[in-house]
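One structure is given here, and the rest of the page talks about it.
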Amino acid sequence: EPEVTQTPSHQVTQMGQEVILRCVPISNHLYFYWYRQILGQKVEFLVSFYNNEISEKSEIFDDQFSVERPDGSNFTLKIRSTKLEDSAMYFCASSERENYEQYFGPGTRLTVT
Amino acid sequence: AQKVTQAQTEISVVEKEDVTLDCVYETRDTTYYLFWYKQPPSGELVFLIRRNSFDEQNEISGRYSWNFQKSTSSFNFTITASQVVDSAVYFCALSGGKIIFGKGTRLHILP
C-alpha cells in the first residue's frame with residue numbers, strides 16, 4: 001500500500017541553524033501539506049501546496065519557513081533560522097484531490113537546542 | 001472562522017465497553033468535510049473516516065461508527081466493544097482546504 005515517507009525521523013539542531021525536512025508524498029497525489037504538533041498538543045496546519053505553488057498558509061508559516069518540490073517526488077520544508085519554539089513533530093501529508101482524505105507521513109521530530 | 005471542539009480531554013473505559021467521542025464543529029461554509037484521525041502511542045496519524053457536509057448518513061465500519069448531525073454541528077465517533085489496541089488520541093477535524101484539528105481526546109482502554 002502506498003504511503004507517505006519522511007526523513008529524517010529525528011533531527012537535532014542548534015538554535016539559528018537551517019534545517020530541511022524531507023517528504024515523499026504518495027505518487028499520484030496532487031496536494032501536499034505540512035503540519036506540526038508540539039508535544040502533547042494539537043496538530044496545526046502550516047502550509048498547503050498545489051501545482052508548484054503555495055495555496056494556503058497559516059500565521060505560523062512566516063518568512064523563516066519555505067516549501068519546495070524540487071523534483072517529481074520530494075516535497076521539502078525549510079526552516080531558515082531555527083528557534084527553540086520550533087521544536088515539534090512535523091508531519092507531511094498528501095491527498096489525491098482537494099478536500100479528500102489526507103494521508104500523513106510518520107513525522108520528523110525536530111529538536112532545537 | 002472554523003473551529004473544532006472536542007470537549008472530552010481524556011476518557012478511560014474498561015475493555016469491551018462502548019465509548020463515544022464527541023466532536024462539535026463551527027463553520028460558515030456550506031460545503032465542508034469532516035474527518036476522524038487516530039494517533040496511537042507510536043505517533044503516526046491514521047485516517048479513519050471522511051464525511052462531506054451533504055451526506056448525513058451514519059456510517060459503520062466494524063466496531064467503529066460515526067453519527068453526523070448537521071442540526072447540532074456534531075460528528076461523534078463510537079467504538080463498540082472497545083479493545084486495548086483502541087487506546088490512542090483521536091482527533092476530529094474539519095476541512096475547507098486545510099484541515100483544522102480539534103485538540104484530541106485521549107482514550108485509555110483498560111484491560
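Keeping their order, the protein sequence lines are chains A and B. Heads up, the first sequence is in the working numbering, so the first residue is 1 and it goes up one at a time. Heads up, the second sequence is in the working numbering, so the first residue is 1 and it goes up one at a time. Just so you know, even glycine gets a beta-carbon here, dropped at the ideal spot from N, CA and C.
Under 7 Å, do residue i and residue j count as touching if we go by C-beta distance?
i: K98 (chain B); j: S48 (chain A); result: yes
i: A88 (chain B); j: K38 (chain B); result: yes
i: L34 (chain B); j: L107 (chain B); result: no
i: R50 (chain B); j: E101 (chain A); result: yes
i: F77 (chain B); j: F68 (chain B); result: no
i: T108 (chain A); j: Q6 (chain A); result: yes
i: T72 (chain B); j: Q6 (chain B); result: no
i: S87 (chain A); j: K78 (chain A); result: no
Judging by CA-CA distance, which residue of the options is the nearest neighbour of residue i?
i: T13 (chain A); options: A:E68, A:F75, A:R80, A:C23; result: A:R80
i: L141 (chain B); options: B:S74, B:V85, B:T72, B:Q57; result: This structure cannot speak to residue 141 (chain B), because chain B is shown only from 1 to 111.
i: N74 (chain A); options: A:A88, A:L84, A:Q17, A:Y31; result: A:Y31
i: G43 (chain B); options: A:I60, A:V67, A:P106, A:T111; result: A:P106
i: A1 (chain B); options: B:E15, B:A7, B:R28; result: B:R28
i: V4 (chain A); options: B:A81, B:L45, B:Q69; result: B:L45
i: P41 (chain B); options: B:S95, B:Y90, B:T20, B:I100; result: B:Y90
i: E19 (chain A); options: A:P8, A:N28, A:I26; result: The amino acid occupying residue 19 (chain A) in the given sequence is Val; Glu does not appear at that position. That would be A:P8, whose Cα lies nearest to the Cα of V19 (chain A).
i: T113 (chain A); options: A:N28, A:M15, A:P2; result: A:M15
i: W66 (chain B); options: B:A7, B:F47, B:I79; result: B:I79
i: L110 (chain A); options: A:E1, A:Q11, A:P2; result: A:Q11
i: S58 (chain A); options: A:R36, A:T76, A:G72; result: A:R36
i: D18 (chain B); options: B:Y64, B:I100, B:T72, B:S71; result: B:Y64
i: Q57 (chain B); options: B:F47, B:K70, B:L21; result: B:K70
i: E56 (chain A); options: A:M89, A:T82, A:E98, A:V24; result: A:E98
i: F198 (chain A); options: A:D71, A:R69, A:I60, A:E44; result: There is no way to answer for residue 198 (chain A), as the model of chain A reaches only from 1 to 113.
i: D22 (chain B); options: B:I100, B:G96, B:F101, B:C92; result: B:C92
How would you label residue i, buried or exposed, when you count the other beta carbons within 10 angstroms and need 16 or more for buried?
i: L84 (chain A); result: exposed
i: I60 (chain B); result: exposed
i: T31 (chain B); result: exposed
i: Q64 (chain A); result: exposed
i: F54 (chain B); result: exposed
i: S27 (chain A); result: exposed
i: A81 (chain B); result: exposed
i: P70 (chain A); result: exposed
i: T82 (chain A); result: buried
i: P126 (chain A); result: Because residue 126 (chain A) is not part of the residues shown, which for chain A are 1 to 113, the question remains open.
The ligand FMN heavy atoms versus the CB of residue i: any closer than 6 Å?
i: E1 (chain A); result: For the structure depicted, the ligand FMN is absent and the ligand set is empty, with no information on it obtainable.
Where do the N-terminal and C-terminal ends of the beta strand (DSSP E) with residue i fall, by residue?
i: M89 (chain A); result: 88-95
i: L110 (chain A); result: 108-112
i: R106 (chain B); result: 105-110
i: V85 (chain B); result: Looking at the DSSP string, V85 (chain B) is not in any beta strand (DSSP E), and its letter there is neither H nor E.
i: V4 (chain A); result: Looking at the DSSP string, V4 (chain A) is not in any beta strand (DSSP E), and its letter there is neither H nor E.
i: Q69 (chain B); result: 64-69
i: F54 (chain B); result: No beta strand (DSSP E) holds F54 (chain B); DSSP gives it neither H nor E.
i: L21 (chain B); result: 19-21
i: T5 (chain B); result: 3-5
i: E98 (chain A); result: Here E98 (chain A) belongs to no beta strand (DSSP E), and DSSP marks it neither H nor E.
**Message:** For the stretch 7-20 of chain B against the stretch 37-46 of chain A, do three or more pairs of beta-carbon atoms, one drawn from each stretch, fall closer than 8 Å, so that the two count as touching?
**Reply:** no
**Asked** Are three or more beta carbon pairs between the stretch 44-64 of chain A and the stretch 23-39 of chain B nearer than 8 Å?
**Response** With fewer than three CB-CB distances shorter than 8 Å, the stretch 44-64 of chain A does not count as touching the stretch 23-39 of chain B.
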